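Q: For the record, the sequence lines run as chains A and B.
Yeah, the first sequence ends on 322 if you go by this note's numbering, and it's all consecutive.
Yeah, the second sequence ends on 644 if you go by this note's numbering, and it's all consecutive.
Mind having a look at this structure? Questions to follow.
Protein chains: 2
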Amino acid sequence: MKYAIGVDLGGTNIVTILMNEKGKIIARNKRTTEGWKGKNHVLKRMAEGIETVLENQRDKETKRQIVGIGIGTPGLVDFDKGIVYEAPNIPNWDNVHISRIYRKKFGIPVFLENDANSAALGEWWIGAGKGTRHMICLTLGTGIGGGIIIDGKVYHGANGYAGELGHIFLSFDGPKCGCGNPGCMEAYASAIGIIRRTKELLKKNKGSLIYKLVEGNLRKITPAIITQAAHKGDKLAIKIWKDTGYYLGCGIASYANIFNPEIVVLTGGMTGACSLLFKPMWKTVRKRAFKGAIKNLKILPGKIPDDAGAVGAAKTAFQRTM
Amino acid sequence: MKYAIGVDLGGTNIVTILMNEKGKIIARNKRTTEGWKGKNHVLKRMAEGIETVLENQRDKETKRQIVGIGIGTPGLVDFDKGIVYEAPNIPNWDNVHISRIYRKKFGIPVFLENDANSAALGEWWIGAGKGTRHMICLTLGTGIGGGIIIDGKVYHGANGYAGELGHIFLSFDGPKCGCGNPGCMEAYASAIGIIRRTKELLKKNKGSLIYKLVEGNLRKITPAIITQAAHKGDKLAIKIWKDTGYYLGCGIASYANIFNPEIVVLTGGMTGACSLLFKPMWKTVRKRAFKGAIKNLKILPGKIPDDAGAVGAAKTAFQRTM
Chain A
1 MKYAIGVDLG
11 GTNIVTILMN
21 EKGKIIARNK
31 RTTEGWKGKN
41 HVLKRMAEGI
51 ETVLENQRDK
61 ETKRQIVGIG
71 IGTPGLVDFD
81 KGIVYEAPNI
91 PNWDNVHISR
101 IYRKKFGIPV
111 FLENDANSAA
121 LGEWWIGAGK
131 GTRHMICLTL
141 GTGIGGGIII
151 DGKVYHGANG
161 YAGELGHIFL
171 SFDGPKCGCG
181 NPGCMEAYAS
191 AIGIIRRTKE
201 LLKKNKGSLI
211 YKLVEGNLRK
221 ITPAIITQAA
231 HKGDKLAIKI
241 WKDTGYYLGC
251 GIASYANIFN
261 PEIVVLTGGM
271 TGACSLLFKP
281 MWKTVRKRAF
291 KGAIKNLKIL
301 PGKIPDDAGA
311 VGAAKTAFQR
321 TM
Chain B
323 MKYAIGVDLG
333 GTNIVTILMN
343 EKGKIIARNK
353 RTTEGWKGKN
363 HVLKRMAEGI
373 ETVLENQRDK
383 ETKRQIVGIG
393 IGTPGLVDFD
403 KGIVYEAPNI
413 PNWDNVHISR
423 IYRKKFGIPV
433 FLENDANSAA
443 LGEWWIGAGK
453 GTRHMICLTL
463 GTGIGGGIII
473 DGKVYHGANG
483 YAGELGHIFL
493 SFDGPKCGCG
503 NPGCMEAYAS
513 AIGIIRRTKE
523 LLKKNKGSLI
533 YKLVEGNLRK
543 ITPAIITQAA
553 HKGDKLAIKI
563 WKDTGYYLGC
573 GIASYANIFN
583 PEIVVLTGGM
593 TGACSLLFKP
603 MWKTVRKRAF
613 KGAIKNLKIL
623 PGKIPDDAGA
633 VGAAKTAFQR
643 TM
């Protein structure tokens, strides 16, 4: 049996997992990233995570059978060279040759993957996409990340930039997106987009429960608060999720026409809104996509939200060595 | 050396090509489809095309080394079973088991491919996309067809419906598309979309040269006529191509963010408008796509417009047998 280590370097936490090639999680460690303490501290935290999942392996044979370490990381990555050029939220992170550092330290090969791609691969391997060949993954968070799985592998495109699935246009002149352009799906349906729409609508709906829940402080609005209000019957909150479902549905209908995937997996905190979001989304997808393209389509929330990134990172190590 | 026959079953013509595995065209035949005469007549015309490219091969060895016949066809296709369920413009075409018919007749395997995918594969193999790995192809005609080449192969999706690239949404409530939904790229930038926009704009621009060229009969408007007027400096015609470039640019920018392809190939008659179309299109793509995703991107017109479908069909036969 072969083993691999997967590391998910997140803005808040580092999740480290030791897995076997059959997809079983052998050991797991979660620790805070403490990115504000800078590059060297984060590299040390990551190394500690790796050591922790290794140290309990009494069986030396396991250690010997580890094919590599996979690391899922945000920012700008060179997969081939093993360099992370930029890491958001970590000061003085500057072209870190991360695979050389850990290869030297642990004596095994190190492979990098983009965090959204890692999460997609993790969900494909042992999560919601298990058993499929072609999968689209949307990570609904502050922004909207994406991952494309084709024939069980991450599709990277010509130079690693493929899968920016949040940046499909829904309109010519919609709200401005973080990428600088108007009308991306991300500008409508990410947490930032949802909060912006909520603030606009609240101006004319002062009676909404959302106001009370944030005690009048609009900076406190989060998707979770909107969900809370919606579950208590607040009409504005319900409308906001309905609109969000519509926007996501428009994007997913395009993705169905383009990819004809077996499954679209939605990950990230927002999927907690569940049927509030999924119902209007499905309605739009059914209306807007080709019937043949969605004949057997599933749209499901992620199954392993906490571990998908690390699991996908471990799978990356398996795929690049075996 | 291995050989394959490629057939492009078009609405107007049937193109049949004999190729070797290195991509050299050995023999070629073009004949009218005469679809109005019905199924059996079309099947006979196709068989005649195949016989014609074969009969001049004095070298019996060539015939012996033919791996198969590939057929690129419009309509609804079952690739695995080798059935064409529907063929637009051919009466009484009803679930024709085309691969069984020709396999029996010629004694070699027969493989089907969708016509837009065939054209994409042909352009990838020996045309504008030669030497690339990942390519997107848009066929600009009455509608907008698409083909996705990943790692040198057509990407089909879960059940063969992938690649409907004309049906990416550009707006929530744009003009109605042939697919029934508002706002698809096809509704803006296909020949039908262009002619619709031209007619609208002509209402307020009675002095346009386009009026004269069609002798006041708006039914005679074609993209070629608009190009003719634009080349003579007609402002309205220039604006129409500029807008078309903008719409295509919006779609292609999304495709760059999604696929990060090495090349986008545009085929079909409309590419004759050339810089009238390509300049505004590139301007929009540069503005709207991620810099990394278009760093080395090429957008080129097809190189083998007449043969792409048949060449891709021959390549299909090679790929499925070798």
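Just so you know, even glycine gets a beta-carbon here, dropped at the ideal spot from N, CA and C.
Predicted model only: the values in this text are computed from it and were never measured.
Identify the residues that DSSP records as bridge partners of B:Asp400: which are they?
A: DSSP output for B:Asp400 lists B:Ile405 as bridge partner(s).
Q: Is there a C-beta anywhere in chain A that falls below 9 angstroms from the one on B:Asn579?
A: For B:Asn579, the answer is yes, since a Cβ of chain A falls inside 9 angstroms of its Cβ.
Q: Give a yes or no on whether 9 angstroms exceeds the smallest Cβ distance from A:Ala162 to chain B.
A: Interface residue, yes.
Q: Please list the partners that B:Cys596 has in chain A, where partner means a Cβ-to-Cβ separation under 7 angstroms.
A: Neighbours of B:Cys596 on chain A: none; closest Cβ ~24 angstroms, over 7 angstroms.
Q: Could you name the residues of the same chain whose beta carbon sits closer than 6 angstroms to that of B:Ala615, not counting the 5 residues immediately before and after it, in chain order?
A: Within the same chain, B:Ala615 has close Cβ partners Ala578, Asn579 and Asn582.
Q: State the Cα-Cα distance for the pair B:Asp330 and A:Phe79, rounded to the nearest angstrom.
A: So the alpha carbons of these two residues sit roughly 40 angstroms apart.
Q: May I have the straight-line CA-CA distance separating B:Ser651 from B:Leu524, to the nearest angstrom?
A: No answer is possible for residue 651 of chain B: it lies beyond the span of chain B, which begins at 323 and ends at 644.
Q: Going by DSSP in three states, B:Cys459 sits in which element: helix, strand or coil?
A: Reduced to three states, the DSSP call for B:Cys459 is strand.
Q: How many angstroms separate the CA atom of A:Lys81 from the CA atom of B:Arg518?
A: If you take the alpha carbons of A:Lys81 and B:Arg518, they lie about 51 angstroms apart.
Q: Looking only at its chain, what residues have a beta carbon closer than 8 angstroms to the beta carbon of B:Ala551, apart from the 5 residues adjacent to it on each side?
A: Once the five neighbours on either side are set aside, the close Cβ partners of B:Ala551 are Ser530, Leu531, Ile532, Leu535, Leu558 and Ala559.
Q: Is any beta-carbon of chain A found at less than 9 angstroms from that of B:Arg610?
A: So, interface residue.
Q: According to DSSP, is B:Ala450 helix, strand or coil?
A: In this structure, B:Ala450 counts as coil in the three-state DSSP scheme.
Q: Do A:Gly49 and A:Ala14 come within 9 angstroms of each other at the CB atom, strictly closer than that value?
A: For the sequence presented, residue 14 of chain A should be read as Ile rather than Ala. In contact: A:Ile14 and A:Gly49 (Cβ atoms closer than 9 angstroms).
Q: Considering only the alpha carbon of each residue, which of A:Gly10, A:Arg288, A:Lys104 and A:Pro301 lies closest to B:Cys501?
A: Per the Cα distances, A:Arg288.
Q: Please state whether DSSP places B:Pro602 in a helix, a strand or coil.
A: B:Pro602 falls in the helix class under three-state DSSP.
Q: Please classify A:Arg100 as buried or exposed, where buried requires at least 16 neighbouring CB atoms within 10 angstroms.
A: A:Arg100 should be labelled exposed.
Q: Okay, do the region 314-322 of chain A and the region 278-287 of chain A touch, 3+ Cβ pairs below 8 angstroms being the bar?
A: Cβ pair count under 8 angstroms is below three, so no.
Q: Taking CB distances under 9 angstroms as the criterion, tell me whether B:Lys521 reaches chain A.
A: Answer no: the Cβ-Cβ gap between B:Lys521 and chain A never drops below 9 angstroms.
Q: I want to see whether chain B comes within less than 9 angstroms of A:His134, judged by CB atoms only; does it?
A: Yes - at least one Cβ of chain B is within 9 angstroms of the one on A:His134.
Q: Only counting the same chain, and skipping five residues up and downstream in sequence, which positions put a Cβ closer than 7 angstroms to that of B:Lys475?
A: So the list reads Gln641, once near-sequence residues are dropped.
Q: My guess is that B:Ile466 and B:Gly485 are in contact by the Cβ rule of under 8 angstroms, so how many angstroms apart are they, rounded?
A: That belief does not hold up - the Cβ atoms of B:Ile466 and B:Gly485 are roughly 11 angstroms apart, past 8 angstroms.
Q: Look up A:Lys39 in the DSSP assignment and say whether it is helix, strand or coil.
A: If DSSP states are grouped into helix, strand and coil, A:Lys39 belongs with the helices.
Q: Counting only C-beta atoms, is A:Glu262 closer than 9 angstroms to chain B at any point?
A: Yes, its Cβ sits closer than 9 angstroms to a Cβ of chain B.
Q: Give the secondary structure of A:Val214 by DSSP, where H, G and I count as helix, E and B as strand, and everything else as coil.
A: In this structure, A:Val214 counts as coil in the three-state DSSP scheme.
Q: Quick check on the DSSP output: the beta strand (DSSP E) that includes B:Asn342 runs from which residue to which?
A: That run of the beta strand (DSSP E) goes Asn335 to Asn342.
Q: Counting only Cβ pairs nearer than 9 angstroms, list the residues of chain B close to A:Asn296.
A: Here the neighbours are Ala480 and Asn481.
Q: How about A:Gly72 and A:Gly312: are their beta carbons less than 9 angstroms apart?
A: It is a contact, given that the beta carbons lie within the stated cut-off.
Q: Taking the C-alpha atoms as reference points, what is the distance between B:Met341 and B:Ala632?
A: If you take the alpha carbons of B:Met341 and B:Ala632, they lie about 10 angstroms apart.
Q: Taking B:Ser512 as the query, report the chain A residues whose CB atoms sit under 7 angstroms from its CB, ordered along the chain.
A: Correct list: empty, because the minimum Cβ distance to chain A is about 15 angstroms.
Q: Quick check: is the beta carbon of B:Cys572 nearer than 9 angstroms to any beta carbon in chain A?
A: It does; some Cβ of chain A falls within 9 angstroms.
Q: Measure from the C-beta of A:Asn181 to each C-beta in chain B and report whether the shortest distance is under 9 angstroms.
A: So yes, A:Asn181 belongs to the interface.
Q: How would you list, in chain order, the residues of chain A whose beta-carbon sits under 9 angstroms from the beta-carbon of B:Ala509?
A: Those within 9 angstroms of B:Ala509 in chain A number zero; the least Cβ separation is about 13 angstroms.
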